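Here the numbering used here is used: the first residue of the sequence shown is 103, the next is one more, and so on. Each residue gets a CB set at the ideal place from its N, CA and C atoms; glycine is no exception. All values reported here derive from a predicted model rather than from experimental measurement. Data first, discussion second: the structure below is written as structure tokens.
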Amino acid sequence: MPKQDTRSLPEFTRSDSHLSELLNYLHQIADLQVLGAIAEWDQNTAMPGGAAEIRGFQVAALQGVLHELWTNPRLASLLNELSERVQQAPFSDADRGLLREVL
């Protein structure tokens, strides 16, 4: 597998504990969303006959976890804490863009 060119990756301000926590939180959500996409792809392409009911339970459980993460008060608290602070130094354009996309 080719190595990703890190020059194209955004530079986030990891030194801020709140932003670092938000990034870790959003990575967890993104990983679970990818698992959902893989489960859907498998269901549409390679899932054995008779497995649809079990897959339905799996996808429902995954969606439940994602819902809990998106509606967790800690996420709201992090976003509120960062929404104004991110406009000031030492935060980067990548930090501001991240908040814009999540809000």
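DSSP, read as helix, strand or coil, puts Ser194 in coil. Around the C-beta of Val188, 16 or more other C-beta atoms lie within 10 Å, and the residue is accordingly described as buried. Remark: C-beta atoms of Thr115 and Asp197 approach each other more closely than 8 Å.
Inclusion of Ser185 and Leu201 in the CB contact set at 8 Å is warranted, their separation being smaller than that value.
In the assembly as shown, Leu180 is a buried residue. Its beta-carbon has 16 or more other beta-carbons within 10 Å.
Annotation for Ala141: Arg157, Gln160, Val161, Leu164 place their beta carbon closer than 8 Å to its own, counting only its chain and skipping 5 residues before and after. Per DSSP, Glu186 is one residue of the alpha helix (DSSP H) stretching across 175-187. Per the coordinates, the alpha-carbon of Ile131 lies some 7 Å from the alpha-carbon of Leu168. Inclusion of Tyr127 and Leu205 in the CB contact set at 8 Å is not warranted, their separation being larger than that value.
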